[in-house]
Amino acid sequence: MTKTLTFSALCCLLAAPALAQDKTLTISTYSFAQDAYKEALYDPFEAICDCELVIETGNSVERMSKIEANANDPVIDMAVISSHDALALARKDLLAPLDVASIPNHAKLYEAAKDPLGGHMAVGYTFYASSIVYRTDLVEIDSWADLLDEKLAGNVSLPNIIGTQGPLTLMMLGKAAGEESADYKAVISDIGAHADDIVTFYSRSSELAQLMNQEEVIAAPVGRFAWSRFKSSPLPFAWAEPAEGQAGGMNVMIMTKGNGNEELAYQFMDFWLSTEVQTRIAEALIDSPANAEVVVSEEVADNLTYGAELINSLNILPPAEIIDNREAWVEQWNNEVIR
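Pasting the structure below:
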């Protein structure tokens, strides 16, 4: 209790001279878990900042387009987005470099989250692992290569190339095959050769969960944030630990260039990255923490991408590789996989 009051009091002291009741901070974010975020993050910040948070949601394409369309007079102050989408905005000179001195809790982050794009154009606030969920009573998974093995023919699903899991799956299949080139041409060709053995190329984890619970699919790559859909099933699903390791990624915070609301944005970023708030968000099973000081129970941790050992071992695909190769991936995918 004392720690919470001290943190809140400090935020009030920092915010009070500069903020008034008519101050607003406009944030662009995913539509996911907004009621939970309101309780764990938005309402507590408004209570100490004497300000109003305006939350705008939508898919990544819509949100990025709005930032670009209003580049000369930003209507979004800050956003949370995937690291590769953030890099795309940074390359268009739409983002402001972050002054990490204005984000004291930045020092508490895992190293990979501190400067994921270079030039302090973003800061990571959550990690996610990706592995293979499978039926333990029907198959054994030891490698990412098992996804294209004959033992899973007609019973495996792979992610669509344009989804979050698509590039990560290419990376891990490439790693299993010993392919070092980021163009993944051989991997895509191999998937194309096995296309008739794939039940579906899924777009949403909810779609995949339905197929697996209906026993049409017995193995598929999945993000850890969707693990609870399978963990709660009466069927015996497990989270694989393949020989090549787990894939991973992160979502990041960014600030739009020239928005004029930087001070309040920094205060909100720092609040979000604090040990107190990141712990609260983790315990609510909203997001996995990027703050290395967060400690949660084993039960909570089992649902998250949590802990130094796991996070430091993740195979994270560099955002630049996704942006630089995505168009070629999609073209080859459409020609060889979606026939």
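Letter by letter, the sequence shown follows residues -20 to -1, 1 to 319 in mature numbering (1 follows the signal peptide of the UniProt record, and there is no 0). Glycine residues also receive a C-beta, built at the ideal position from the N, C-alpha and C atoms.
- The C-alpha of A173 is placed about 13 Å away from the C-alpha of G134.
- Taking the Cα of E316 as reference, the smallest distance to any Cα among D53, E130 and S169 is reached at S169.
- Across the structure, L132 and C31 are spaced so that their CA atoms are roughly 54 Å apart.
- Residue environment for P216: exposed (fewer than 16 other C-beta atoms within 10 angstroms of its C-beta).
- DSSP places I142 outside any alpha helix (DSSP H), giving it a letter other than H or E.
- Residues of the same chain with a CB within less than 6 Å of the CB of S40, apart from the 5 flanking positions on each side, are D65 in chain order.
- Three or more Cβ pairs drawn from the segment 175 to 195 and the segment 133 to 149 lie within less than 8 Å of each other, which places the two stretches in contact.
- Listed in chain order, the beta strand (DSSP E) runs fully inside the segment 24 to 80 are 32 to 37 and 58 to 62, counting runs of at least 3 residues.
- When secondary structure is reduced to three states using DSSP, R184 falls in the coil class, being assigned neither helix nor strand.
- F248: member of the alpha helix (DSSP H) spanning E242 to L253, first to last residue.
- Annotation for S254: N85 place their beta carbon closer than 6 Å to its own, counting only its chain and skipping 5 residues before and after.
- In the structure shown, G158 falls within a coil segment according to DSSP collapsed to helix, strand and coil.
- By the Cβ rule, the segment 148 to 165 does not count as touching the segment 88 to 105, because fewer than three pairs are nearer than 8 Å.
- Of the residues assessed, D126 falls on the buried side of the cut-off, its CB having 16 or more other CB atoms within 10 angstroms.
- In the three-state reduction of the DSSP assignment, V274 falls in the coil class.
- Checking the DSSP bridge columns, you'll see N193 has no partner listed.
- Shown here for V280: same chain residues with a beta carbon closer than 6 Å to its own, the five before and five after excluded, namely E263 in chain order.
- At a cut-off of 3 residues, the continuous stretches assigned as beta strand (DSSP E) that sit fully inside the segment 92 to 132 are 103 to 115.
- The segment 241 to 251 and the segment 49 to 67 touch, with no fewer than 3 CB-CB distances between them shorter than 8 Å.
- Between S185 and R209 a beta carbon distance of about 6 Å is seen, short of the 8 Å cut, so the two are scored as contacting.
- In the DSSP assignment, S8 falls within the unbroken beta strand (DSSP E) covering T4 to T9.
- Contact check between the segment 259 to 273 and the segment 18 to 38: three or more CB pairs, one atom from each, fall below 8 Å, which counts as touching.
- Taking one beta carbon from each stretch, the segment 277 to 295 and the segment 114 to 122 have fewer than 3 pairs nearer than 8 Å; the two do not touch.
- Burial state of A227 is buried, judged by a 10 Å Cβ sphere holding 16 or more other Cβ atoms.
- E224 and I141 have their alpha carbons spaced roughly 20 Å apart.
- Separation of A272 and S293 (C-alpha to C-alpha, rounded to the nearest whole angstrom) is 14 Å.
- In the displayed model, T149 falls within a helix according to three-state DSSP.
- Distance from the Cα of G38 is smallest, within the candidate group S63, S8 and P24, for S8.
- Burial state of S45 is exposed, judged by a 10 Å Cβ sphere holding fewer than 16 other Cβ atoms.
- DSSP, read as helix, strand or coil, puts T236 in strand.
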